[in-house]
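For the sequence shown, my numbering gives the first residue as -11, with consecutive numbering after it.
Glycine included, every Cβ here is placed at the ideal spot set by N, Cα and C.
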Amino acid sequence: MLSFIKKIFARGPSEKEQAAKKEMALEELDAWLARKEEQLRAALNGILREASAEMEEAKAALQGSIDALREAELRNPNIPAKALHFMQGNRDSYVKLASLFLRDAFPEGISGMAYEEAKTFISGFRQHIGSFSSSSLKNYQVLQHFFAHESHAVAQRIKGSENALRKLEEALAESGLDALAEAKEEAASIRQKIRRRRELMEETETEKGNLHGARQKEQNLKEELANLEASDEAKALAQWQEGLQGIEGSLALAGLELSFRFSHLEKALRKFAKVSFEHDKLIAAYAEHAEQAIEGDPHLAILSILPKLAQSLHDGSLGLDGKRTQKALDAIGGISREVLTQHVERTNALREQRQKLMQRIRESPVERKKGELADALKKAKIEEDVVRQRLSFAEGQLAGISTGKNRERIESALNGAFSENIALIVDGERGKEEEKGRTY
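As structure tokens, then:
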């Protein structure tokens, strides 16, 4: 079958033809392939006519074998009814499946098919064979016990049709039509990659610009923040904050000094608060936190309480030992109106200063501006990271695009099928990949 194809392509190239390299741009390939297809049109028609004849012959032979199996009689009719019923069911099923294969796998008009239709037919035929083989295997195995010759004949006819199909497939490959189809497919892939490469190159340039803008924005914000921190307003704010810290320290120290004066009175005051008929809560407050108690004692009532406390200590009515009693008396002696008044005036003055400084700090726009700039700077850094990630992703995709393998497959297919020495040029240069992106 198809012996004339071998004659068409039997002549090999001369040494001169083999040595001649033909450089061809991708833009020229379509026209070259179209010319080759036109040259092979007659060959395709001849291939399909001969294949159609062989497939019709295989189809008729298969139909005959199916009919023979359907009409076959048992050589030994004396078998149990159950076995006969079992045989007949499997025969009916096998015949039905073979008939469906015959109907569906063999199309009309093979000789008038285009190349793509012929390839689709070949693929579909193989699928039909696979489906028939898997679905009819059990039926075939059963029929081998009853109609071994007839069932085997059906299987052989299907195999014969597959052989005819294989010859068609080989003829298409030998004609160069498969090579043309592969070249067209690879060329389309190259064009798609070139388009995608250009898109990614534009995308990377855009993202580089975005990255530059994001970095510039971040730098501008840093400079603005630095200028703000170096401004007179910021320096004044820093002085106020430092002054506020000093005042807080002075208030804490004043509180400690007062607490120290009352520290040796703590136990005495606790006991005295329990036996006192007035000011018991105030006495207990001074025993607990003198620096807080004096704030709730604007008239310094504690000064009228201390002499009574001293009297109780002298009387020994509080039950303290001699050492504690003496320390308590010494502490009372160190607490005078002058001492407490100075403490109150000092702390009041410090609190007033603190209030003024806190008001200035609250009214200063520096902290608000610093917060706004810090938030903007944080967002700018996030934006820069996002842009850098997009750029890196685009560059990674760009680096992964290569047309070299596609070009090699085109050259291999065409040079092998047509004994030509084609060197395909992609994007103006052969074998040179476009510059890949850098990492930023």
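The C-alpha of ASN64 lies about 39 Å from the C-alpha of ALA41. In terms of Cβ geometry, LEU160 and PHE113 do not form a close pair [threshold 7 Å]. Inclusion of HIS331 and LEU253 in the CB contact set at 7 Å is not warranted, their separation being larger than that value.
Distances from the CA of ARG249 to each of VAL327, GLN115, VAL142 and SER352 were compared; the closest alpha carbon is that of VAL327.
Shown here, ALA13 sits in a strand according to DSSP, grouped into three states.
DSSP places LEU386 in the helix class (H, G or I) of the three-state scheme.
Setting aside the 5 residues that flank it on each side, PHE406 is surrounded in the same chain by GLY164, each with a C-beta closer than 6 Å to its C-beta; the list follows chain order.
ALA368 sits away from LYS269, with the two beta carbons spaced by 7 Å or more.
Just measuring C-alpha positions, the residue of LYS255, GLN377 and ALA169 sitting nearest LEU317 is LYS255.
Annotation for ALA169: the continuous alpha helix (DSSP H) segment containing it runs 165 to 217. Every alpha helix (DSSP H) stretch that sits fully inside the segment 342 to 411 and reaches 4 residues is listed by chain position as 354 to 387 and 392 to 406. Using a 10 angstroms sphere on the CB of LYS223, the tally of other CB atoms stays under 16, which defines it as exposed. For the pair ALA13 and ILE398, the CB atoms are not nearer than the 7 Å cut-off. Take the alpha-carbon of VAL263 and the one of MET346: they are about 44 Å apart. As DSSP reads the structure, ILE413 sits in a beta bridge with ALA13. If the five residues before and after ARG185 are omitted, its C-beta is found closer than 6 Å to the C-beta atoms of ILE389, all from its own chain and listed in chain order. When Cβ pairs closer than 8 Å are counted between the two stretches, the segment 178 to 196 is seen to touch the segment 371 to 388, the count reaching three or more. In this structure, LEU257 is the residue among MET189, LEU257 and LEU297 with its C-alpha nearest to the C-alpha of ALA278. Going by beta carbons, ILE178 and ASN394 fall inside the 7 Å limit.
Counting the other CB atoms within 10 Å of its CB gives ARG183 a total below 16, which places it among the exposed residues.
By the 16-neighbour rule on beta-carbons within 10 angstroms, GLU138 is buried. By the criterion of a C-beta distance shorter than 6 Å, LEU156 is surrounded in its chain by ALA39, once the five residues flanking it on both sides are discounted. Beyond the five residues adjoining it in sequence on each side, ILE235 comes within less than 6 Å, by CB distance, of LEU338, GLN341 and ARG342 in the same chain, given in chain order. Between TYR82 and LEU125, the C-beta spacing is not below 7 Å.
Burial check for SER292: the Cβ neighbour count within 10 Å stays below 16, so the residue is exposed. For the set ALA167, GLU266 and ALA93, the Cα lying nearest the Cα of ILE146 is the one of ALA93. Less than 7 Å separates the beta-carbon of ALA171 from that of ALA401.
Its chain contains TRP228 as the residues whose beta carbon lies nearer than 6 Å to that of ILE349, once the 5 sequence neighbours on both sides are disregarded; these appear in chain order. In summary, SER219 is exposed, with fewer than 16 beta-carbon neighbours lying within 10 Å of its beta-carbon over all protein chains present. Ranked by how close their Cα comes to the Cα of SER380, the residues GLU191, ALA69, ALA136 and SER324 have GLU191 in first place. Under the three-state reduction of DSSP output, ILE67 falls in the coil class, being neither helix nor strand. Cβ contact annotation for LYS9 (same chain, cutoff 7 Å, sequence separation greater than five): ASN409 and ALA411, in chain order. Taking a contact as a CB-CB distance under 8 Å, the pair VAL354 and LEU239 does not count as one, their CB atoms being some 25 Å apart. Taking C-beta separations shorter than 7 Å and ignoring five residues to either side along the sequence, the partners of HIS267 in its chain run ALA289 and ILE293, following chain order.
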